[in-house]
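> Here our numbering is used: position 116 in the sequence shown is 97, and no number is missing along the way. In this text, a Cβ means the ideal position worked out from N, Cα and C, and glycines have one as well. These numbers come from a predicted model, not from an experiment.
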Amino acid sequence: MSYLGFEQTHQRDYCEIMVTDIRARAQRLINGSWEFIPGVTPFDGHCTYGLFGFLADVRNYSAVTPISQPRGLPEGVDPPSEDYDGPLDEWLGEHDYSWLLLSELLSVDYNQTMEDRRFSGMIDGMISGSHTVPAGSGVRMTLRAFLGEAYFEELDRLTHSGVERIVFGFDS
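1) By a C-beta neighbour count over all protein chains shown, 10 Å radius and 16 as the cutoff for buried, is Q8 buried or exposed?
2) Does the structure place the region 21 to 40 close enough to the region 140 to 150 that three or more beta carbon pairs sit under 8 Å?
3) Let me know if I3 comes out buried or exposed under the rule of 16 or more other beta-carbons within 10 Å of its beta-carbon.
4) By Cβ distance, which residues of its chain are closer than 8 Å to Q93, with the 5 residues on each side in sequence left out?
5) Pull up the CB-CB distance for Y78 and G150, whole angstroms please, since I reckon it's below 8 Å.
6) Rounded to the nearest angstrom, how far is the Cβ of W162 from that of R146, given a contact under 8 Å?
7) What is the rounded straight-line gap between the Cα of P55 and the Cα of S153?
8) Write down the C-beta distance between I48 and L32 rounded to the nearest angstrom, noting that I regard them as a contact closer than 8 Å.
9) Quick one, which of D25, V148, E96 and G57 has its alpha-carbon nearest S14's?
10) Could you spell out the range, first to last residue, of the beta strand (DSSP E) harbouring A5?
11) So L136 and L86 are supposed to be a Cβ contact under 8 Å. How far apart are they, rounded?
12) Out of V114, V45, L10 and A126, state which residue places its alpha-carbon closest to the alpha-carbon of S101.
13) For D97, which of helix, strand or coil comes out of DSSP?
14) Beta strand (DSSP E) containing Y78: first to last residue?
15) Just mark D90 as buried or exposed, buried being the case when its beta carbon has 16 or more other beta carbons within 10 Å.
16) Please return the same chain residues whose Cβ sits closer than 8 Å to the Cβ of V45, not counting the five positions on each side in sequence.
17) For T140, name the three-state secondary structure that DSSP assigns.
18) When the Cα of H157 is compared with those of D25, S118, R99 and S88, which residue comes out closest?
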């Protein structure tokens, strides 16, 4: 499909070339208290702006309907104090903090059709993937195809790990 004379493609981003990454941690409810699950980092390596747009409307050039706008950090999850000795971006990123219940992710109709409106191509002599074409000018596909099989493999892994909630943010 073309837009303004340029070819539009459904393109996946990879961490090596992106300027925004997701930082996520998994939690489960234990005796009425949310506890982080050591070593479970949801969507680690699943660095696509399409996923970011779907989870929290971040870098949503595809204009995908997000599950939720960023909700902030849930009660009881606070940024590290001044005595935290690790890099902040390894904690939960630097902006657009949010959280989602695994049940929310599992209840989505992934067979629904959506329009990927992200334009990737040459504009004014520069390669760009940060443009959104008008409605009706994008590529129609299922939400499942848009997110890709790695997303669903991650949902299976989270389910089998006993995850009940993911807490995440983004860094740039």
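Per the coordinate set shown:
1) That one is buried.
2) Under the three-pair Cβ rule at 8 Å, the region 140 to 150 counts as touching the region 21 to 40.
3) Under a 10 Å Cβ-count criterion, I3 is classified as buried, with 16 or more other Cβ atoms of the shown protein chains found around its own Cβ.
4) Beyond the five residues adjoining it in sequence on each side, Q93 comes within less than 8 Å, by CB distance, of T123 and L124 in the same chain, given in chain order.
5) Going by Cβ atoms, the distance from Y78 to G150 rounds to 4 Å, so yes, they are a contact pair.
6) Residue 162 lies beyond the residue range present for the chain, which begins at -18 and ends at 153; the question has no answer from this structure.
7) Taken atom to atom, the span from the alpha-carbon of P55 to that of S153 is near 22 Å.
8) Your pair I48 and L32 does not check out as a contact, with CB atoms roughly 11 Å apart and the cut at 8 Å.
9) When each option's Cα is compared against that of S14, the closest is G57.
10) From DSSP, the beta strand (DSSP E) with A5 extends over D2 to I11.
11) Between L86 and L136 the Cβ distance is about 6 Å, and since that is below 8 Å, they are a contact.
12) The shortest C-alpha to C-alpha distance from S101 to any of V114, V45, L10 and A126 is the one to V114.
13) Strand.
14) For Y78, the enclosing beta strand (DSSP E) stretches over residues H76 to L82.
15) With fewer than 16 neighbouring CB atoms inside 10 Å of its own CB, D90 falls in the exposed class.
16) Around V45: G31, G34, F35, M95, D97, L124 and F127.
17) Helix at T140.
18) Because the chain is modelled from -18 through 153, residue 157 falls outside the range shown and cannot be assessed.
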